[in-house]
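For reference, the structure discussed in these notes is given below.
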Amino acid sequence: MDDELRARIWNVLYTSYFDKSVDILAYLHNNEREKRILTLIYDGFFKESADTGISVNGVKTKFFSLKWNRVYDFVGFMMDNVSHPKPKSVQDHLNSVLKAESAGYYIINSMVTPITNQIEITEIEQAANTPVTEVNNHLNTALQMLSSKTNPDPRNSIKESISAVEALLKKIGEDDKAVLDSALKKIKRKNPKLIDAKLGNIIQKLWDFSNDASGVRHASVEGKTVTNSDDAKFLLVICSAIVNYLIVKHGDFRKTAMQ
């Protein structure tokens, strides 16, 4: 991370959370509110004493000494933990900076990810915000595990991505106890036009891969496929696309059964 990118990220964070001249954020900037934000940062992110000497300048000094990956962690921390009247505008502003500076990262659902292709981003954002809570939870967890700068977990990211598809199939098949294979069979019997044979085979093969990939569903064992972040990214994107497709294809289910 070069100095220009770091400075521009700080500028967005400062104007979003601390700049008292920003009218839309006026309610944020009484002394008590600012003190609560600073206490949260010192305690929750820096893990340091927050009883005396805390200030915005102190946060700035610490921010500019962070390692590059911790800068992104700080961004995620602020977006997750500090309220803002227009969080989407903060995310959009940060993303415009990341794109302009060719950072190689993008923020999706407040998480800084290595996914920068706009089509892939759109698929993930849409699939992680469906009317089905279980699907959203699995995909957001998959994204979180892929996005970690210090401890990425591609194996379990893959598991969460395919589990999102399984969760949706359970809802469509109206059988919460089914596993992916049995849910597919039930849907094919009830509504064969929803998932044709080719799509069903694709979903089944993705499930098979998730079971083979470094023992995703079992303890890691010798002979299993070694997975990395590229594999996890692929599964996240394609599973998101499948989720979006099935929700649109199902039609009325989006309005009724997903409530």
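Position 254 of the sequence shown, counted from 1, bears residue number 256 in the numbering used here, the numbering being contiguous throughout. Every residue, glycine too, gets a C-beta built ideally from N, C-alpha and C. Predicted model only: the values in this text are computed from it and were never measured.
- DSSP places Ile205 within a helical segment (H, G or I) once states are collapsed to three.
- A straight line joining the alpha-carbon of Glu6 with that of Trp12 spans about 10 Å.
- With a cutoff of 8 Å on beta-carbon distance, Ala180 and Lys188 are scored as near each other.
- Relative to the Cα of Gln146, the nearest Cα in the group Glu176, Ile110, Ile121, Pro133 belongs to Ile110.
- By alpha-carbon distance to Ser112, the top candidate from Asn119, Ser85, Ser104 is Ser85.
- Glu162 and Ala144 do touch by the CB rule: their CB atoms are close to 4 Å apart, below 8 Å.
- Closest in alpha carbon position to His95, among Glu34, Tyr16, Leu42, is Tyr16.
- By the CB criterion at 8 Å, Ile160 and Thr229 fall inside the cutoff.
- Counted as a single uninterrupted DSSP element, the stretch harbouring Met3 is not any beta strand (DSSP E), since DSSP gives it neither H nor E.
- For Leu171, the CB contacts under 7 Å within the same chain, skipping 5 residues up- and downstream, are Leu182, Ala185, Leu186, Ile189 in chain order.
- For the pair of segments examined, the stretch 130-139 was found not to touch the stretch 205-214: the number of CB pairs separated by less than 8 Å stays below three.
- Ranked by Cα distance from Leu248, the first of Val137, Thr152, Asp214, Val73 is Val137.
- Around the C-beta of Pro156, 16 or more other C-beta atoms lie within 10 Å, and the residue is accordingly described as buried.
- Take the alpha-carbon of Asn71 and the one of Pro194: they are about 47 Å apart.
- Rounded to the nearest whole angstrom, the C-alpha separation of Glu127 and Asp198 is 26 Å.
- In the DSSP assignment, Thr63 falls within the unbroken alpha helix (DSSP H) covering 58-65.
- Of Tyr19, Ser149, Ser165, the smallest CA-CA separation from Pro87 is found for Tyr19.
- Taken atom to atom, the span from the alpha-carbon of Asp21 to that of Asn59 is near 12 Å.
- Listed as beta-bridge partners of Tyr108 by DSSP are Thr115.
- In this model, His140 and Lys192 are separated by some 26 Å (Cα to Cα).
- Here the alpha carbons of Ser242 and Val77 stand approximately 25 Å from one another.
- Contact check for Glu50 against Tyr44 passes: the beta carbons are separated by less than 8 Å.
- When C-alpha distances from Ser57 are compared across Val245, Leu201, Leu42, the shortest belongs to Leu42.
- Around the beta carbon of Phe65, 16 or more other beta carbons sit within 10 angstroms, so the residue counts as buried.
- Only exposed fits Asn83, as fewer than 16 other CB atoms lie within 10 angstroms of its CB.
- The Cβ atoms of Lys151 and Asp233 do not sit closer than 8 Å to each other.
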